Structure formats: C-alpha cells, structure tokens
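**Q** Sequential numbering of the sequence shown, starting at 412, is according to my numbering.
We put the CB at the ideal spot given by N, CA and C, even for glycine.
Computed from a prediction, not measured in an experiment: that's the story for all the values here.
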Amino acid sequence: MTVGRLSEPFAVSAPAISRHLRVLEMAGLVTRSVDRQWRICTLELDNLKAARAWLDRVVHTGT
Numbered sequence: 412m413t414v415g416r417l418s419e420p421f422a423v424s425a426p427a428i429s430r431h432l433r434v435l436e437m438a439g440l441v442t443r444s445v446d447r448q449w450r451i452c453t454l455e456l457d458n459l460k461a462a463r464a465w466l467d468r469v470v471h472t473g474t
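Right under this line is the structure:
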C-alpha cells in the first residue's frame with residue numbers, strides 16, 4: 412500500500428507518518444520501497460506473527 416493511502420484515515424502530518432513507519436521498518440514489521448513516485452509499504456507477516464506470539468505470551472503469562 413502506498414504511504415499516502417496508509418495515512419489517509421489519520422489526522423497526522425506526513426513527517427509523523429514517516430517517523431512511525433521508520434520505527435516499524437527498524438523493527439522488521441514493514442519494508443518500504445520506491446516505485447517511481449510512490450512510496451510502498453509492505454507488511455512482513457512472519458515478523459508480525461512472531462511479535463503477536465510474543466505479545467500473547469507476555470499478556471497471558473506475564474513473562
């Protein structure tokens with residue numbers, strides 16, 4: 412999905428969206444690429460599943 416489309420539902424500035432995406436990218440949860448004039452974000456599903464499993468474990472067991 413393009414960064415512009417991702418940001419549409421949020422009342423947040425473009426620089427703030429970019430910062431949030433950079434954090435997600437550094438965490439390995441998304442990848443960003445450029446296709447001509449578009450900035451594309453792709454979810455990294457395996458990493459999201461691993462993060463979800465970790466969160467479930469922390470929430471349910473406290474460890």
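Give the secondary structure of V469 by DSSP, where H, G and I count as helix, E and B as strand, and everything else as coil.
**A** If DSSP states are grouped into helix, strand and coil, V469 belongs with the helices.
**Q** Between A464 and L440, how many whole angstroms is the CB-CB distance? I'm expecting something under 8 Å.
**A** 13 Å between Cβ atoms; not a contact.
**Q** In angstroms, rounded to a whole number, what distance separates the CA positions of S429 and C452?
**A** Roughly 11 Å between the two C-alpha positions.
**Q** Kindly indicate which three-state DSSP category R430 falls into: helix, strand or coil?
**A** Helix at R430.
**Q** For R443, report the span of its alpha helix (DSSP H) as first-last.
**A** Unbroken run through R443 is the beta strand (DSSP E), V441 to D446; no alpha helix (DSSP H).
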